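The structure under discussion appears below in the form of structure tokens.
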Ligand code: PNS
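Numbering (my numbering), first residue to last: 674 to 837.
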């Protein structure tokens, strides 16, 4: 049986930390699906289609990683795609409480679905999409914290890019 894992998130935008986790996760599953939450409540910087495109470009090097989007309950989506594992990252102790709550809620909703936590490289332990957005919005450089295509997209979005 193929082992399929879902790595869900907002990915607005995808960071090197996300990619590091996807790379580590992809080594342990036959198929890893990066699943972008379609959340109508949040005002994202990048649309779901843009995020999907940016992530797809960035994960091209991993043959067993796919990019999709979902709405509704994560456990329902996981069942639809045949996933037995939810993959999430824990960067620091501050992530733990939120991640634990989600893992417990998902277990309550679907006991057979396991949440597996991986730890990204310490080089990315302080990197979050929120801080990347803030730095880029205020004219700072997120170089090295996001893939090159996201760096370009951020510069364009905040009009700090070349005028080509
Ligand atoms: O990158 P994020 O914003 O921390 O990801 C949060 C995400 C998408 C994993 C979480 O909000 C989620 O799974 N939402 C789907 C709705 C759901 O299933 N909620 C109940 C279980 S917590």
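We treat Cβ as the ideally placed atom computed from N, Cα and C, and that holds for glycine. Here the structure is a predicted model, which is why all the values come from computation and not from measurement.
Residue i to residue j, Cα distance in whole Å?
i           : j           : result
residue 808 : residue 731 : 21 Å
residue 827 : residue 717 : 13 Å
residue 765 : residue 756 : 26 Å
residue 683 : residue 721 : 9 Å
residue 748 : residue 681 : 11 Å
residue 677 : residue 771 : 24 Å
residue 696 : residue 674 : 21 Å
residue 698 : residue 791 : 8 Å
residue 836 : residue 816 : Confidence is the limiting factor: at residue 836 the pLDDT is only 46, short of 50, which leaves the residue's position unreliable, though a coordinate-based value still follows. Distance between the alpha carbons of residue 836 and residue 816 is about 19 Å.
residue 778 : residue 788 : 11 Å
residue 819 : residue 786 : 30 Å
residue 814 : residue 739 : 28 Å
residue 715 : residue 799 : 23 Å
residue 767 : residue 736 : 32 Å
residue 713 : residue 685 : 14 Å
Quick check on DSSP: helix, strand or coil for residue i?
i           : result
residue 687 : coil
residue 828 : helix
residue 697 : helix
residue 822 : helix
Quickly, what does DSSP pair residue i with across the bridge? List them, please.
i           : result
residue 707 : 680, 740
| request: Could you tell me which uninterrupted alpha helix (DSSP H) segments, each at least 4 residues in length, are contained entirely in the segment 753 to 817, listed from first to last along the chain? | output: Runs of the alpha helix (DSSP H) inside the segment 753 to 817: 766 to 782, 802 to 810.
| message | Contact between the segment 778 to 793 and the segment 717 to 726 is defined here as three or more beta-carbon pairs at a separation below 8 Å; is this criterion met? | response | No, they do not touch.
| message | Would the segment 701 to 710 count as touching the segment 735 to 750 if we require 3 or more Cβ pairs under 8 Å? | response | Segments in contact, yes.
| query | For the segment 719 to 752, which segments carrying the alpha helix (DSSP H) assignment without a break, of at least 4 residues, lie completely within its bounds, in sequence order? | reply | Taken in chain order, the whole alpha helix (DSSP H) runs of length 4 or more contained in the segment 719 to 752 are 721 to 731.
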